[in-house]
Structures are given as C-alpha cells and as structure tokens.
Amino acid sequence: MKTASFLLSGVATALAIAVAAPAIAQDELVVEPEDNEIVVSASRIRGSVDVPQAPVAVLDEEEIASYGASSLSDLIEQIAPQTGSARGRGGGSPAFLVNGRRINGFREMRNYPPEAIRQIEVLPEEVALRFGFQPDQRVVNFILQDNFSSITGDIEYGLPSGGGYATNEIEGSVLRINGANRLNLAFEAEDSSMLTEAERGVSSIESSQLVGDADPSAYRSLVADTRDLQLNANWSRALGEEGLGGDLSLSATATRSDSLSWRGLDAVTLTDGEGNSAYRTLYDPQSGFGPRIRESKSEGFELGAGYSRQVGDWQLNATANWAHDETRTLTDASADTSALREAVQNGTIAYDADTQTLLGSGLVGSRDTYRATSNTETATSLVTMTGRPAQLPAGELALVLKTGYNWNNIQSADTRNSDITTDLTRGDLNGGFSLGVPIASRRTGAWDAIGDLSLDLSGGVNHLSDFGTLFDGSAGLTWGVTRNLDLSASYLYREAAPTLSQLGAPQIVTTGATVYDFTTGQTVIVDLLSGGNPNLVAETQKDWKFSLNWDLPVLDRSRFIAEYYDENSSNVSSSFPVLTQAIEAVFPDRVVRDGEGNLVSIDQTPVTFASEQSRRIRYGIDVSDRIAGKEDEAGGRGERRGPGFGPPGDRSGGRWNFALYHTIRLQDEVLIGEDGPLLDLLDGDALTSSAKPRHELEMQGGLFYNGVGLRLSGNYYGASEIKGSGTSGSTSLDYHPYATFDARIFVDLERQFQDVAFLKGSRVSLRVDNIFNAQQRVTDEFGVVPISYQPDFVDPKGRFFEIDFRKRF
C-alpha cells in the first residue's frame, strides 16, 4: 500500500509539474521513471550553495517579510541566534555570499531592502573554508531576486523611558537588480544627544560639600553626544555577451563620526591653617571653567573590487579591498590647583569662598588639552580557484585553492607623550587549500547503505613580516545519516600571532582612571600604564566540534541543532585581566600600592597566559509555519505582489516562527603561569570585571498576518560570581540572573488604508527594547551595589522606545 500510495502521489506531482512548468522554469523539476517508479527531484535554486553540510536555517520570501526588517543589516541583527557562531574565539559575525559567491564584505549588502532577497541560507562554520573564510564563522548566502527595483526611505526616532536624551536616524537607498547587473546607492545619518549622570540621579564622584557649588554629576556623561554619517555605493555588472566575460563589482564607502562627552568639573580639596576643609567643585563658564570635554572625530574611506568568472572547469573569484581610517581626539586635562591650595593654607583666601572668587583669584592654572591622533591603513586581497578535478564513486572531488596578501599600518601620536609615536606595519602573505572528498552517496549508490559521508580537509600558511610563519589546518567528517539528519565532527589547528597593537603600541600612562579594587572592596582612582608587549609569542589553538542537525518532519520548517565545542589554547596573548587577588599574586611587579595598601597604579600591558580550556554545549530548535488566510481556507490563493507589501486581496495569510537556543558552559579555565594558579571562570574566578554565567538562553519569534507583525526576542543570563580572597577588606561579587526582552510591532499601511495613495508601499513600526527595564544586579557580600556596578552606569539606556516610518517608492 505504501508503494502504491507513493506511485500515485508521484504521478499526481508529475502532472502538476507539467501544468506549472512555464511558471517555474528557474527551479526546473526533473521527473525520471526507473524500475516502474516515478522519482521526482528538484534542482537547487540558482545561486544556492552546493555543499555536503546541511544549512542551519533557510528563510524564504514569506519568512523574510515576517520579520518586518527595514534593511538587511536590521534583518541580520534579528536572526543573530541562527547566524552567530558559538565558537569561543571571538568570531561570532558571519561571512557573507551573494548568489553563492564571495563578496568584499557585508557593507555591499547592508542597505538592501529585504524585499530584494529571494532566499537566505545560513550554513555552518565548516562551509566557510570552501570560500576562503576562516572556519570560525557561519556563512550567510543571500540569493537575490532576478529583477528588482526600489527606492526606500526610512525615518526613526527613539528615546529611553527614563528620558534624558533621544536618537534619530534617516536612511535612504536606491537599488536596481537586473540579473547579474546591480546598482545600490545608500546613505545613513544618525544623531544621539547627551545623557548626564544627574539625569539618572547618580554620581561617580564626590559632590561638593558647600551649598552653591555646581553638582559635578550634571557635567559627566553617561551617553555621549554623537553624530554618524555613512555613504555607500555598490555596482556590479556582467561582462561580455551573456556574462561570459565574468562579473565585476566595485564598491565605495565613506563614514564620518563625531562624539562629544563631558568628563566632569575641576575639583579640589581646600584646607586652611586652622584645619577647616571642604571639597570644592570649580564651575564658571565665563572664566573658561566649564565641564572638561573629550571630543572625537573620525573619518573613514573604503574601496573594494571583486571579479569572478569561469576559467575552464574552474571558478575564479578575486577580491581586493582598501580602507583608510583616521581619528582625532581632544581631551581636557584637570586644571592645576596647587597655587590655590597653598593660598588657602596660608590664609590668603578663604576655603569656603564662592566659586567666582576662587576662579577670579588667578590661582587656578589653565587647562591643558591633549591631542591624540590615529591613522590606520588596511589593504586586503584574496584569490580563490574552485573546481572539481576528479570524479570519485561517491561524487566529484571539490578543491579550493587560495592565496592573498594583507597589509596593515597603524600610526598614532599623543601630545601627553610627545616624544613617543607609533608606526606599526604588518604584511601577511598567505595561501592554503581545502579539499572535499565524497566517500558515500545515496545519489550515486556508492556505499549508500551508510548514507551520505564526506571528508573535508584544509591547510594554510601565513607569513607575517613582523612575526614569522604560522600554520593552520583542519579535518572534518559530515555524515548524512538520513535525508533529514546530519552528524558532523571537525578538528581545527591554528597558530595565531598577537595583534600589531599588542606587540608594538607605545606605553602611555593614563591618570585618574576609576577601577574596582577587589582586595579592599573599594572603587578607587589610579594610574594605568597601557601599550604593547614585544615579548608576546604565538598562540596555538586546538579545537574540536561535534554537531547534530536534524530537519524535523513537522510543520513547514522545523530544525533541531545541537553543538559541542572543546577548545584548547596555549601561550594565549591577552589584555591584562581584572586585578583580583589571584592575578596580583602572579604579576606582583605590575601593581603598586602605598604603605597603607591603597592601589596606586597598574601596568596593564598585554600578558601571556600558559593555557586556556573551554567546553560548552549549544542546542536549540527553530520552527516556522504558514498561517492560512481566507483564500487558503477556500482552496485558492490570490496573486502576490511581493513580500511585505500589497493590498489584502493580493496576499492572504501569514507566518509564525520561533527559535530558542540554550548554551551550557561545562568548563572555562585559564592557567595563568606554568606553575599556576588555575582560574576557574565558572566558579568565582575572573579575568574581566564581569563574571561568566554557566547558562545562557537566546529566544526570538513572531507572528505575521495580513500585513501586521509582532516580533519578540529575549536573552537570559544565569547567576555567576567573583569570589573574594577572604582577606580583610576583600569581598565577593554576586551577579544575579536576569533576562531582557525586546518587542516590535509593525503594520503595512498600504493594506490597512488602500485608498490613501501616499501610504502605498509604507510601513510603520514601534520597537521597545528591554521591555521590563531589566538590568543585572551586582552586589557584594553585604548586599551593597558598588558604585561602578550601579545599573545606570552599566546600562544607562534601559527601556528604550523607537518609532520607525519606512516607505518604498
């Protein structure tokens, strides 16, 4: 009966295909009779990636529309749980392809409207090797519409529920797609006003002890006043007749960012000869003593080019990129008050005189303004040749050869250290290969009893002009147990060099920095020494990954993923960790305390840890299905005018989706030196000012029906702690568990107001970040929140509302 049912189903499908064939020519379906059976197979969508590894997620047009995203950058942010890598090497962000080919970077796509995308494929990290990327990134492949034209404008305005500042943003883009020919012009302008400590009712420093003196918290910024501008242009064209000359793409980006923050007022403790004393804040804008400021301006320019074509049986892909960034920062130093203190001690001026008298005495020196500059130049290039040079019983051998050259230069100077300048250069000549070997295949019948089995191998070498030669390699197995269940295992070996700045940045002393002293349990002001450490050595990384990818046979789309990571490193270059008692015991020469044990200064230049080891599990489910509309219920379906827009008669129904991922850290340990100590970061030890939770949850889901959508996302962080040493004054810090939730509701106005011409192609959205204004609570063993861990310092934004109006022309 099952065989007969299958045959009848196949005949019905074949007849349906024959009727619908003209409408689906791009995704041609092939029907081949064999042994009295009808086998129906569908070719891949043009532009999809042909690899043994199953995708982590696949989003079609309907599901893309259900997110209500204004641009691809917005969409990628919303699907971060699917696109982010769980590897612990700091990768995280995915690599990007367009129609199955590598591009210069996401900036080429970030301003595209989501309606221009036919399908999105999210692929596991193992796929990155086949396109010349590092194997610690997931791969996102955008499959474009064949023909698309759009002009899009977007206006946003936002403010926190606590008030104090606001943000606004304007975006615009023009996009034309005609097969391989594309043109995109876009701009973004964003502005955010300043938020001060006083507007949140907190203060990081002592207030004046005399009535009438200015409140310093009104002149210290929690959020800087910022302005950002970006212009972006991308052009792609097929060369020669029918694109036989290949595809050429050019891109250019210009950015400008300005930032202004207040660093408080000049202050001084004045004591007269009789022992009367007061802490005074000095504020008189007419005398030139307003808030001390830090002003930063940065400009960037980026040019990119890409070329791809078929060379015989090989696919050539070449990319080149040049980027220039320069930053100038002006910082006001504190005024010299030594003469004023001496005058008060001698009785020349009263310790409690009004501010105008103190500043008008001429005893307060003028401020110095320090100027810091930084210029970076980066040039990168990569050429890959992809081919299938041999036919094996289970399929074709897949070979990728790559070579490239990267060049970086950093130049910086600071007037606080006028005799020190930085000029660091690194050249990186690299090459490598990846090899995909099919071992068993259901399609070809080779060893098909065990399913689909393939082996992936890679190797690479980097020669750094300032450091030497480094090697990397990997091996992985992908086993398609069934058509819906994949298992994989991979091993990575990599030698990594310290960054240019870690090795060669000049050593600079920063005075007046605020840190938390775990030894005394106090927030103190100290001097910090920063810069490079030329004695750093190469890091060796050895990582294992095991994963399960199960396409569940329920709903329209449902997938269960489980991943296990085991990562080991030796000779780890790291910035100097938070100064706990254990760290101070290992690096006593880097810490200076006075005779009473008070912290005076810290040498925070980079260090080398003996080893790191971490193990974790990440698993989750991602499900989606259609919501039937009236026309679906009646057995028909209306004409579609495109995702996300169009009157109700054009498209009925909608979609819902839900994704939930849970990360469990099983081990996270750092061996500081060969003789110890061994820090357990999951059991009270720490390298930063934040503790690591053992459990984390990521959630996102939503409903979209007849032009109205609701999105909800959330993150949960489990409890953690940093233990004190038990000595006098030392205290533990408890990081309480907390969860944050964000929501967005959006309405396609064209569907709701069909008679209003202006609203054609328009959408309005309301977004609420951190709905419940949840902020992590950090307390010491007495239940007190240290100043530097007060929620308004850690997260001054809190609950944030944003309204957005978007229109496509």
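Just so we're on the same page, our numbering is the position in the sequence shown counted from 1, plus 566.
Think of the CB as a built atom: it goes at the ideal place given N, C-alpha and C, for glycine as much as any other residue.
DSSP puts Ala1079 in a beta bridge; with which residues?
Sequence index remark: in the sequence shown, residue 1079 carries index 513 (1-based). In the DSSP output, where bridge partners are listed per residue, Ala1079 has Val1092.
Cα separation between Gly870 and Asn883?
Within the sequence shown, residue 870 is the residue found at index 304, counting from 1. Within the sequence shown, residue 883 is the residue found at index 317, counting from 1. Approximately 14 Å, taken between the alpha carbons.
Please report how far the alpha carbon of Ala1071 lies from the alpha carbon of Phe699, in whole angstroms.
Along the sequence shown, one-based indexing puts residue 1071 at 505. Along the sequence shown, one-based indexing puts residue 699 at 133. Computed Cα separation, rounded: 28 Å.
Trp1013 bridges to which residues according to DSSP?
Here residue 1013 corresponds to residue number 447 of the sequence shown, with the count starting at 1. DSSP lists no partner for Trp1013.
Determine the burial state of Ser575: buried for a count of at least 16 other Cβ atoms within 10 Å of its Cβ, exposed for fewer.
For the purposes of this step, residue 575 is identified with residue 9 of the sequence shown, where counting begins at 1. Caution applies to Ser575, whose pLDDT of 39 falls short of 50 and renders its modelled position unreliable; the model cannot decide the point.
Are the region 1182-1195 and the region 1104-1124 touching, with three or more C-beta to C-beta distances below 8 Å?
Cβ pair count under 8 Å is three or more, so yes.
Whether or not the region 833-853 and the region 748-767 are in contact is what I'm after, with contact meaning three or more pairs of Cβ atoms, one per stretch, closer than 8 Å; do they touch?
Too few Cβ pairs lie closer than 8 Å, so no.
Just to confirm my understanding: we take Trp1116, look at its own chain, exclude 5 residues before and 5 after, and list those with CB closer than 6 Å. What are they?
Locating residue 1116 in the sequence shown gives position 550, counting from the first residue. Closer than 6 Å at Cβ, skipping near neighbours: Leu1051 and Phe1126.
Based on Cα-Cα distance, which residue from Leu1102, Leu1247, Gly1161 and Phe1224 lies nearest to Ala547?
Outside the displayed span of the chain (567 to 1375) sits residue 547, for which this structure offers no information.
May I ask you to verify whether the region 735-749 touches the region 770-781, counting CB pairs closer than 8 Å and requiring at least 3?
Judged by Cβ distances under 8 Å, the region 735-749 makes no contact with the region 770-781, as fewer than three pairs qualify.
Helix, strand or coil, according to DSSP, for Asn1281 in the structure here?
Locating residue 1281 in the sequence shown gives position 715, where the first residue counts as 1. Asn1281: strand per DSSP, three-state reduction.
Taking all protein chains shown into account, do 16 or more other C-beta atoms lie within 10 angstroms of the C-beta of Phe1375, making it buried, or fewer, making it exposed?
The residue you call residue 1375 lines up with position 809 of the sequence shown. By the neighbour-count rule (16 or more Cβ atoms within 10 Å), Phe1375 is not buried but exposed.
At a cut of 8 Å, does the region 985-993 reach the region 1001-1019 through at least three beta carbon pairs?
Output reads no: the region 1001-1019 does not touch the region 985-993.
What would DSSP say about Phe672, mapped onto helix, strand or coil?
Start at 1 with the first residue of the sequence shown, and residue 672 comes out as number 106. Residue state, collapsed to three classes: helix.
Taking only runs of the beta strand (DSSP E) that begin and end inside the region 674-756, which ones reach a length of at least 3 residues, in chain order?
Qualifying beta strand (DSSP E) stretches, in chain order: 683-689, 705-710, 713-726 and 733-744.
So, at 6 Å on beta carbons, what are the nonlocal neighbours of Phe753 in its own chain, with the 5 sequence-adjacent residues on each side left out?
Numbered from 1 along the sequence shown, position 187 holds the residue referred to as residue 753. The answer, listed in chain order, is Gly738 and Leu797.
Report the three-state DSSP secondary structure of Ala1323 (helix, strand or coil).
Residue 1323 sits at position 757 when you count from the first residue of the sequence shown. Helix at Ala1323.
Take the Cβ of Gln1073 as the centre, count every other Cβ of all protein chains shown within 10 Å, and call the residue buried at 16 or more, exposed below.
Mapped onto the sequence shown, residue 1073 falls at position 507. Exposed: under 16 other Cβ atoms inside 10 Å.
Compute the distance between the beta-carbons of Pro1064 and Pro1172, then report whether it is under 8 Å.
Counting from 1 along the sequence shown, the entry for residue 1064 is found at position 498. Counting from 1 along the sequence shown, the entry for residue 1172 is found at position 606. The answer is yes: Cβ separation under 8 Å.
In terms of residues, what are the limits of the alpha helix (DSSP H) holding Gln1073?
The residue given as residue 1073 occupies position 507 in the sequence shown. Taken as a continuous stretch (DSSP letters only), Gln1073 belongs to no alpha helix (DSSP H), as it is neither H nor E.
Please list the terminal residues of the continuous alpha helix (DSSP H) segment that includes Pro1357.
Taking the sequence shown and counting its residues from 1, the one referred to as residue 1357 is at position 791. That run of the alpha helix (DSSP H) goes Pro1357 to Val1360.
Using the beta-carbon count (16 or more within 10 Å), is Glu692 buried or exposed?
As a first step, residue 692 must be located in the sequence shown, where it is residue number 126. Counting Cβ neighbours within 10 Å, Glu692 comes out buried, since at least 16 surround it.
State buried or exposed for Ser904, treating a residue as buried only when at least 16 other CB atoms are found within 10 Å of its CB.
The residue labelled residue 904 in the question sits at position 338 within the sequence shown. By the neighbour-count rule (16 or more Cβ atoms within 10 Å), Ser904 is not buried but exposed.
Under 8 Å Cβ to Cβ from Arg1365, same chain only, skipping five residues before and after it: list those, please.
For this step, residue 1365 is matched to residue 799 along the sequence shown. Once the five neighbours on either side are set aside, the close Cβ partners of Arg1365 are Pro726, Ser727, Gly728, Val1334, Asp1335, Asn1336, Ile1337, Phe1338 and Asn1339.
Between the alpha carbons of Lys1258 and Glu1287, how many angstroms are there, rounded?
As a position in the sequence shown, residue 1258 is number 692, starting the count at 1. As a position in the sequence shown, residue 1287 is number 721, starting the count at 1. The alpha-carbon atoms of Lys1258 and Glu1287 are separated by roughly 8 Å.
In the DSSP output, which residue or residues are listed as bridge partners for Gly811?
Along the sequence shown, read from residue 1 onward, the residue named residue 811 stands at position 245. According to DSSP, Gly811 bridges with nothing at all.
For His890, which beta-bridge partners are listed by DSSP?
Taking the first residue of the sequence shown as 1, we reach residue 890 at position 324. Per DSSP, Phe867 and Glu943.
In or out: Arg1206 buried (at least 16 other Cβ within 10 Å) or exposed?
Within the sequence shown, residue 1206 is the residue found at index 640, counting from 1. Bear in mind that the predicted position of Arg1206 carries a pLDDT of just 39, short of 50, making it too unreliable to give a figure here.
Using the beta-carbon count (16 or more within 10 Å), is Val706 buried or exposed?
By 1-based counting over the sequence shown, the position of residue 706 is 140. Looking at its Cβ environment, which holds 16 or more other Cβ atoms inside 10 Å, Val706 is buried.
I need the DSSP call for Gly1208, collapsed to helix, strand or coil.
If you number the sequence shown from 1, residue 1208 lands on position 642. The predicted position of Gly1208 is uncertain, since its pLDDT is 41 and thus under 50; a value taken from the coordinates is nonetheless stated next. Gly1208: coil per DSSP, three-state reduction.
I'd like to confirm the pairing. Which residues does DSSP put opposite Asp1249 in its beta bridges?
As a first step, residue 1249 is located in the sequence shown; it is residue number 683 there, counting from the start. For Asp1249, which the question treats as bridged, DSSP gives no partner whatsoever.
How far does the alpha helix (DSSP H) with Arg1231 in it reach, from first residue to last?
The residue given as residue 1231 occupies position 665 in the sequence shown. No alpha helix (DSSP H) holds Arg1231; the beta strand (DSSP E) holding it covers Gly1220 to Leu1237.
Determine whether the beta carbon atoms of Asn618 and Gly1002 lie at a separation below 8 Å.
As a position in the sequence shown, residue 618 is number 52, starting the count at 1. As a position in the sequence shown, residue 1002 is number 436, starting the count at 1. In the sequence as displayed, the identity of residue 618 is Pro instead of Asn. Contact: yes.
Alpha carbons only, please: which of Ser659, Ala784, Ala620 and Ser614 is nearest the one belonging to Thr1048?
The residue you call residue 1048 lines up with position 482 of the sequence shown. The shortest C-alpha separation from Thr1048 is found at Ala620.
Since Thr923 is in the alpha helix (DSSP H), which residue starts that stretch and which ends it?
Translated into the one-based positions of the sequence shown, residue 923 becomes position 357. Where Thr923 is concerned, the enclosing alpha helix (DSSP H) stretches over Thr921 to Gly926.
Ignore the nearest five residues each way along the sequence and tell me which others in Ala591's own chain have a CB closer than 8 Å to its CB.
The residue labelled residue 591 in the question sits at position 25 within the sequence shown. Summary for Ala591: the model assigns pLDDT 35, below 50, so the residue's position carries little reliability; its value from the coordinates is reported in the next sentence. Hits under 8 Å: none found.
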